[in-house]
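Colleague: Let me give you the structure first, and then I'll get to my questions.
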Amino acid sequence: MTLKRFLAPLRWSVINTFLLPRTFARTGQFGDGREAAAAEYVVANARRGDVDDVLETMDRFAYEKTFLISVGDEKGALLDAAVKRADTRLALELGTYCGYGALRIARAAPTARVFSVEWAQANAEIARRIWAHAGMDDRITCVVGMIGDGGRTLRALEDHGFATGALDLLFLDHVKSAYLSDLHSIMEREWLHPGSIVVADNVKIPGAPKYREYMRQQQGRTFDTIEHNTHGEYQTVVRDLMLESVVLP
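With UniProt numbering as the guide, the letters of the sequence shown map in order to residues 1 to 249.
Structure below.
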């Protein structure tokens with residue numbers, strides 16, 4: 001580990017990282033241009049068409065330049081493993097941000113179609129640029145919207161082929177307070193099937209207590225859940241939880 005990576009937590013601001021600035025709630029971005037800068041850094045430094053190098057370059061940017069709220073390398077490895085366990089052919093991510101999570105899913109499931117829902121148009125454009133540079137834009141689709149928008153985004157996903165039993169992997173990495181309601185909306189449409197896996201990031205930090213309690217209540221009934229004890233993004237001090245829940249028959 002380089003000195004810069006070891007000292008990464010010292011660059012963190014509690015307000016800017018865990019509480020997030022007010023501009024984030026309005027724009028989906030930190031407000032200092034870091035998301036656009038990340039895309040520029042990828043295009044300038046990562047080999048075109050090399051998804052491994054693109055992901056490594058995004059990690060390097062977050063460690064050594066400016067912090068990003070992507071799932072990151074440590075928890076990303078847990079996501080990769082879940083994608084493979086689910087034998088993923090169709091995946092849905094909620095919360096695109098700069099496109100990192102969707103890239104990891106597409107890499108781990110080389111034949112899968114990956115859809116990512118993002119409410120901020122600016123983030124969608126950044127993610128699409130990065131996906132194109134990685135050569136993955138033919139397999140990853142960003143749908144601009146949110147699950148709780150009265151059905152518009154859900155109908156858009158149905159137009160893309162989401163149907164009963166079609167969804168193999170669901171990755172929750174958006175507004176933490178929406179995890180449970182959005183999961184219920186997807187369950188109501190019966191897109192998940194026995195063996196589908198739901199992965200939820202940041203269940204401890206910033207935290208999704210209602211979602212965690214629901215999964216505890218449903219343990220052995222609707223879901224079989226593992227709680228992965230890990231670290232928050234791009235540092236080794238603050239602990240986090242990632243939940244991996246398998247749909248039971």
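Ideal Cβ positions, reconstructed from N, Cα and C, are used throughout, including at glycine. Quick caveat: nothing in here was measured; it's all calculated off a predicted structure.
1. Terminal residues of the continuous beta strand (DSSP E) containing PRO194?
2. What first and last residue would you give for the alpha helix (DSSP H) that runs through ARG239?
3. Which complete alpha helix (DSSP H) runs does the region 82-111 hold, if anything under 4 residues is left out?
4. When the Cα atoms are used, what is the spatial distance from TYR100 to VAL71?
5. Is the separation between the beta-carbon of VAL114 and that of ALA91 shorter than 8 angstroms?
6. So, helix, strand or coil for THR23, using DSSP?
7. Cα separation between THR111 and SER196?
8. What residues in its chain sit with their C-beta under 7 angstroms from that of ARG152, if we drop five residues either side in the sequence?
9. Exposed or buried, ARG48, counting other C-beta atoms within 10 Å across all chains shown (16 or more means buried)?
10. Out of curiosity, what's the CA-to-CA distance linking ARG60 and LEU167?
11. Please name the residue, chosen from SER185, ASN45, LYS75, TYR211, that lies closest to ILE147 on a Cα-to-Cα basis.
12. Please report the residue range of the alpha helix (DSSP H) in which ILE69 lies.
Modeller: Put simply:
1. DSSP places PRO194 inside the beta strand (DSSP E), whose first and last residues are 192-200.
2. Careful: ARG239 lies outside any alpha helix (DSSP H), inside the beta strand (DSSP E) at 239-247.
3. 100-108, all fully within the region 82-111.
4. Going by the C-alpha atoms only, they are around 7 angstroms apart.
5. Contact: yes.
6. Helix.
7. So the alpha carbons of these two residues sit roughly 17 angstroms apart.
8. The answer, listed in chain order, is GLY145.
9. Here ARG48 is exposed, its C-beta having fewer than 16 other C-beta atoms within 10 Å.
10. Each residue's alpha carbon lies about 32 angstroms from the other.
11. For the residues SER185, ASN45, LYS75, TYR211, the minimum Cα distance to ILE147 belongs to SER185.
12. Counting along the chain, ILE69 sits inside no alpha helix (DSSP H), nor does DSSP assign it H or E at all.
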